[in-house]
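Chemist:
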Amino acid sequence: MFDFAPVGGGVALAGIVFMLVFGSKLVKVRKQAAGSEGFDIERYLFEAKVGEDSDFVGQPVGELKNALEAQKMDLVTLQSKRQVSPVVNRRQLLRSGDILVLQGSQEDIDGFTTEHKFALVSAENSTRELLHSADSQMLEIVVTPRSPLVGRTPAESRFNRRYGVNLLAASRSGTPHRSRLRDFVIRVGDVLLLHGDEDALQDAITKLACYPLATRSLDLKRGENSLPALIIFVAAIASTAVGLVSIQLALGLACVAMVLRSIVPVRELYDGVDWPVVVLLGALIPLGSALETTGATQVLVGGILNIAGDYSPVLLLTLILVVTMTVSDVLNNAATAILMAPIAYSIATTLGLNPDTFLMAVAIGASCAFLTPIGHQNNALIMGPGGYEFGDYWRVGLPLEVVIVAVAIPLLLLVWPLAG
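Structure (structure tokens):
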């Protein structure tokens with residue numbers, strides 16, 4: 085299990101040193117303030133006071149929300165004399181003097197409040213008090229590839245009603261979205277600002293399959309399961325490390341044990357599987373086998389050897405590593421390994437070299453996708469919170485990959501000699 089450690093550890097250490105010394109100087113810092121200030125919510129959140137002669141007095145809040153939604157606006161919170169409602173009850177009746185926090189463009193809000201006899205009030209102090217009250221809080225989350233929000237607008241997903249929290253603002257690549265939020269198509273890596281009570285926010289994070297960027301309270305209800313979970317995991321790793329069972333069987337049995345012990349509910353086990361990747365690998369594994377059985381792999385290997393066969397085996401090893409890293413920048417890393425491993429193995433065996441050296445080069449290369457935000461889902465996830473642009477990745481990733489190649493090749497030759 086730890087055969088990867090000598091080369092992988094050296095590459096990781098070199099990468100860390102590079103990022104600490106040089107990496108931070110290669111990207112322009114685009115800091116965004118934390119919380120509501122970073123989203124500049126005062127530009128599209130407005131407070132209005134229900135006037136005595138408003139046609140909505142005595143009407144259910146649901147009627148007001150429907151009227152607002154028809155004009156691409158929304159009602160965020162309501163403060164009456166009796167209570168503050170972080171997420172409004174559609175059946176609650178509006179009364180004169182109620183304070184509303186409305187979301188929309190200033191032009192739309194001005195027109196709506198004038199038409200329905202609402203008085204706009206100073207938003208700066210009272211909005212801050214309302215949104216940061218003891219009854220509610222705000223939380224930033226980053227959208228993951230597994231989130232049901234990806235590719236949909238808040239209006240299409242019926243966000244506020246379905247998840248029980250308010251979507252106040254959105255940011256992409258560090259730039260706040262300032263037009264109509266209801267029509268904003270959400271993508272992986274976007275940062276969303278949510279508002280609601282604490283329990284509703286934690287429940288929404290789970291349903292949305294998103295990662296919180298602000299501090300998230302721990303679920304103390306599962307504290308008693310921490311030790312059994314740790315024991316099961318350590319046992320699985322130890323059994324693999326000493327060679328008793330394969331890593332696939334050990335971790336599979338560990339998952340079953342955690343379900344049987346009720347450490348992980350069956351539903352969460354199912355949701356934790358990255359099904360798009362499973363389907364992708366399921367499609368590519370037969371493709372890899374087909375390349376082998378039809379002789380396509382040998383044709384590719386023959387072409388490579390015709391071009392570079394007379395060069396040093398070290399150059400071929402470097403070529404395999406660089407090509408694998410390049411493919412991994414645009415394709416899933418596991419899929420890259422499936423496609424490149426047969427080619428690397430065939431090149432090594434054809435030349436009478438140690439195939440382990442070439443396969444380890446594929447393993448390293450497939451794990452080093454730093455040139456694009458699409459090379460790995462982690463790259464996409466940090467793009468929004470970090471305020472990065474597409475060009476930032478290759479600006480840092482290209483010299484980083486050069487460092488990795490320079491460190492990995494000598495380590496591969498040392499730990500896995502070509503004549504082995």
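Note that this note's numbering has the sequence shown beginning at 85, numbered continuously upward.
C-beta: ideal position from N, C-alpha, C; glycine also.
None of the values given here were measured: they were computed from a predicted structure.
Give me the Cα-Cα distance between H200 and R179, rounded to the nearest whole angstrom.
Modeler: About 13 Å.
Chemist: Are the CB atoms of G468 and V275 within a distance shorter than 8 Å?
Modeler: A contact, by the Cβ cut-off of 8 Å.
Chemist: Can you give me the start and stop residues for the beta strand (DSSP E) that E224 sits inside?
Modeler: Segment 221-226, the beta strand (DSSP E) holding E224.
Chemist: Which of the three DSSP states is assigned to Q176 in this structure?
Modeler: DSSP places Q176 in coil when its eight states are reduced to three.
Chemist: Compute the Euclidean distance between the alpha carbons of T237 and N462, then round it to the nearest angstrom.
Modeler: Rounded to the nearest angstrom, the two C-alpha atoms are 23 Å apart.
Chemist: Quick check: the Cα distance between S512 and E473, rounded to an integer number of angstroms?
Modeler: A query on residue 512 cannot be resolved here, the shown segment of the chain reaching from 85 to 504 and no further.
Chemist: Can you name, in chain order, every residue of its own chain whose Cβ lies under 8 Å from the Cβ of I404, other than the five neighbours on each side?
Modeler: Excluding residues within five positions, the ones whose Cβ falls inside 8 Å are M424, I427, A428, I431, F442, A445, V446, G449.
Chemist: Measuring straight from C-alpha to C-alpha, what distance separates F86 and L104?
Modeler: Their Cα atoms are separated by approximately 26 Å.
Chemist: Would you call A334 buried or exposed, if buried means 16 or more other Cβ atoms sit within 10 Å of its Cβ?
Modeler: Counting Cβ neighbours within 10 Å, A334 comes out buried, since at least 16 surround it.
Chemist: Which residues does DSSP list as the beta-bridge partners of F130?
Modeler: DSSP lists L186 as partners of F130.
Chemist: Does the Cβ-Cβ distance between T402 and T420 come in under 8 Å?
Modeler: No, Cβ-Cβ distance for T402 and T420 is not below 8 Å.
Chemist: From the DSSP output, in three-state form, read off T378 for me.
Modeler: In the structure shown, T378 sits in coil (DSSP, three-state: anything other than H, G, I, E or B).
Chemist: Buried or exposed: which applies to L328, given that a residue is buried once 16 or more other Cβ atoms fall within 10 Å of its Cβ?
Modeler: Looking at its Cβ environment, which holds fewer than 16 other Cβ atoms inside 10 Å, L328 is exposed.
Chemist: Looking at D182 and L152, is the spacing between their C-beta atoms short of 8 Å?
Modeler: Cβ atoms of L152 and D182: not closer than 8 Å.
Chemist: Taking all protein chains shown into account, do 16 or more other C-beta atoms lie within 10 angstroms of the C-beta of F31, making it buried, or fewer, making it exposed?
Modeler: There is simply no residue 31 to check, as the chain begins at 85 and stops at 504 in what is shown.
Chemist: Throw me the rounded Cβ distance for the L482 and L455 pair, which I believe falls under 8 Å.
Modeler: About 6 Å; that satisfies the 8 Å criterion.
Chemist: Below 6 Å CB to CB, which residues in the same chain sit around A118 once its five sequence neighbours on both sides are set aside?
Modeler: With a pLDDT of 44 at A118, under the threshold of 50, the modelled position of that residue is not reliable, and the figure given next carries that caveat. Excluding positions up to five away in sequence, the list is empty.
Chemist: Buried or exposed: which applies to V385, given that a residue is buried once 16 or more other Cβ atoms fall within 10 Å of its Cβ?
Modeler: Under this definition V385 is a buried residue.
Chemist: Decide if Y395 is buried, meaning its Cβ has at least 16 other Cβ atoms within 10 Å, or exposed.
Modeler: By the 10 Å Cβ count, Y395 comes out exposed.
Chemist: Can you look up T290 in the DSSP assignment and give me helix, strand or coil?
Modeler: Helix, per DSSP.
Chemist: Is it the case that the Cβ atoms of S412 and G459 are separated by a distance below 8 Å?
Modeler: Yes.
Chemist: Could you tell me the distance, in whole angstroms, from the CA atom of L251 to the CA atom of D283?
Modeler: Straight-line Cα distance between these residues: approximately 16 Å.
Chemist: Is it buried or exposed, G188, if we count other Cβ atoms within 10 angstroms and call 16 or more buried?
Modeler: Per the 10 Å Cβ criterion, buried.
Chemist: Would you identify the three-state DSSP class for F202, choosing helix, strand or coil?
Modeler: In this structure, F202 counts as strand in the three-state DSSP scheme.
Chemist: Starting from the C-beta of I347, find all residues in its chain whose C-beta is less than 7 Å away, skip the five residues before and the five after it, and write them out in chain order.
Modeler: Hits under 7 Å: N309, P312, A313.
Chemist: Pull up the distance between the alpha-carbon of L415 and that of I315, whole angstroms please.
Modeler: The alpha-carbon atoms of L415 and I315 are separated by roughly 35 Å.
Chemist: Which of the three DSSP states is assigned to R256 in this structure?
Modeler: DSSP places R256 in strand when its eight states are reduced to three.
Chemist: Can you tell me whether G135 sits near the ligand SAM, meaning its C-beta is under 7 Å from at least one heavy atom of the ligand?
Modeler: The ligand content of the structure shown is nil, which means the ligand SAM is not present either.
Chemist: Over what stretch of residues does the alpha helix (DSSP H) that includes G280 continue unbroken?
Modeler: Taken as a continuous stretch (DSSP letters only), G280 belongs to no alpha helix (DSSP H), being part of the beta strand (DSSP E) at 275-280.
Chemist: Using only CA atoms, which one of L177, G107, A490, Y295 lies nearest to D139?
Modeler: Checked all of L177, G107, A490, Y295; the closest Cα to D139 is L177.
Chemist: Going by DSSP, which residues form a beta bridge with D413?
Modeler: Paired residue(s): none; D413 is not in a bridge.
Chemist: Give the DSSP bridge partners of P469, in chain order.
Modeler: The partner list for P469 (beta bridge, DSSP) is empty, contrary to what the question assumes.
Chemist: What residues in its chain sit with their C-beta under 7 Å from that of T433, if we drop five residues either side in the sequence?
Modeler: Excluding sequence neighbours, T433 sits near P439.
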